[in-house]
Amino acid sequence: VSLGRLLEDYGLEMGDNNKLSMVVLLGMNMARAGHYGVAADYLQSLADHLAANGVDSTETAGYYTLVNQYREFAAVGNILKPLHKAGEYRVPMTIDDDMHKAAKNGREAHFAAIGGSINGIAGNFVFDTGAGVNVISGRDAKKYGLRRLNCTIDMLGVGGLQKGVYAIADTLRLGGMAWQNVPFLVVDIATGDAVADSIGAMLEPVIGLPVMSSMGEVQMDFKRSEFVVPDMPSDNPLGFCNMMRTDSEGLCVRIAGEDGEPLFMHFDTGGYYTTMFGTWYDKHSAEVEAAGTPDSIRSAGVGGVSVTFGYRVPRMKFMLGNEWVELDSVQVSTGIDKRTGEKETSGFSAGSGQDGAMGLDMLECFDRVIINFKDMFMVGIAPRKEEL
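Taken in order, the sequence shown gives residues 99 to 486; the numbers are from this note's numbering.
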């Protein structure tokens, strides 16, 4: 409604680039609300208009990709339809550390995992707020009997872009909750590094933002080791939103540094350690180099492996919501590729425009964390005293 009013009443004042961005966002929001057929027609009209006015096909290709995806989803129908009744649900939270043990990096790390089933076949799934889509490997797509669709998309990751194909799970069950026609992006993470790919092949199916958003609110209760979906979403204790959906379908959370500096962080429970990116390091290089220990920051994921010069900084304080937490070790990347000596210009951390990535280690400083998708806020409840 707000975007429609903005375009109708202030289209001339916005300028062409801003107007185009809002038109595209309006189409994407229609799809997020489940109106896939309407969204496809809307973006088809936009892409055709741009093409007729001489816009290069490389610039319209992304719109046509979305059109195809939305038409495929519309043909399936009832995408992510809840099959469970409204109410409170509690699902055990387990720890999955197999991949981290295989990496043998000498540091304890893990995923937060949630049990359930896909098409009636039981499994353990990674709960990943950093995933804008649900993700599954080709091996597991076959194991769980997913139906492949005729649409591919580019997935942005650590080393750049990698193509995946969408497939549909007839049912997904997490505890007492269940959904019909759940889309997964089928992608076998290819980094080009034999060791990284052998470890990455161990990744269980990933439950991403589409499923989480449909819950309305998810509470990660670390004291009781469970995921809680409340009967009614919580009231926002902040009085404002501190979480937003990004253009790349991720989540960005605004927190604060010790000096009150606002920090915009990619929210990624699929990554354990909180990491500051090169853009933040450029503004704080003197204090980082004075307090930190030189280290290599190595990340592997979709599109490749990134190895940058960096530092490990002890005891950094952050404010999440209204609560302070202190981490005893934070990775800081300089953004300088260790192999080339040049600043990274591609890949997630280089192009995100964010200060860093907030990992599971920061969340585990609280007894409970509330992630509310209705009013777009995230808060930590009861910081753990032993962590401070």
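No residue lacks a Cβ here, since even glycine has one placed at the ideal position from N, Cα and C.
Straight across, the Cα-Cα distance linking residue 245 with residue 436 is about 41 Å.
Within the region 360-397, complete alpha helix (DSSP H) segments of at least 4 residues are found at 376-389, given in chain order. The Cβ atoms of residue 391 and residue 442 do not sit closer than 8 Å to each other. Within the DSSP secondary-structure output, residue 246 pairs in a beta bridge with 265. Comparing C-alpha distances from residue 354 to each of 414, 332 and 156 shows the shortest one belongs to 414. For residue 366, the number of other beta carbons within 10 angstroms of its own is at least 16, and it is reported as buried. For residue 353, DSSP records a beta bridge to 361.
Between the alpha carbons of residue 331 and residue 312 lies a gap of roughly 12 Å.
Distances from the CA of residue 460 to each of 315, 378, 371 and 160 were compared; the closest alpha carbon is that of 371.
By the criterion of a C-beta distance shorter than 6 Å, residue 177 is surrounded in its chain by 171 and 279, once the five residues flanking it on both sides are discounted.
From the listed residues 225, 368 and 207, the smallest Cα separation to residue 214 is found for 225. In this structure, residue 457 sits away from residue 348, with a CB-CB distance that is not shorter than 8 Å. Taking residue 336 as the centre and dropping the five residues before and after it, the same chain places the C-beta of 419, 420, 475 and 477 closer than 8 Å to its C-beta, in chain order. DSSP, read as helix, strand or coil, puts residue 190 in strand. Residue 325 has 189 and 318 as its beta-bridge partners, per DSSP. If you look at residue 156, you'll find it in the alpha helix (DSSP H) that goes 155-174. Residue 330 sits in coil when the DSSP states are folded into three classes, being neither helix nor strand. Boundaries of the beta strand (DSSP E) harbouring residue 431: 428-435, taken from the DSSP string.
Residue nearest to residue 333 within the set 263, 323, 320 and 315 is 315 (criterion: CA-CA distance).
Exclusion of the five residues before and after residue 155 leaves 149 as the residues of its chain whose Cβ lies within less than 8 Å of its Cβ.
The closest CA to that of residue 168, considering only 192, 151, 182 and 125, is found on 125.
The beta-carbon separation of residue 306 and residue 187, rounded to 18 Å, does not stay under the 8 Å limit for a contact. The beta carbons of residue 427 and residue 412 sit closer together than 8 Å.
A distance below 6 Å between beta-carbons, with the five flanking residues on each side excluded, links residue 101 to the following residues of its chain, in chain order: 120 and 124. Partner residues in the beta bridge of residue 272, as assigned by DSSP, are 214 and 275. The alpha-carbon separation between residue 145 and residue 161 amounts to approximately 6 Å.
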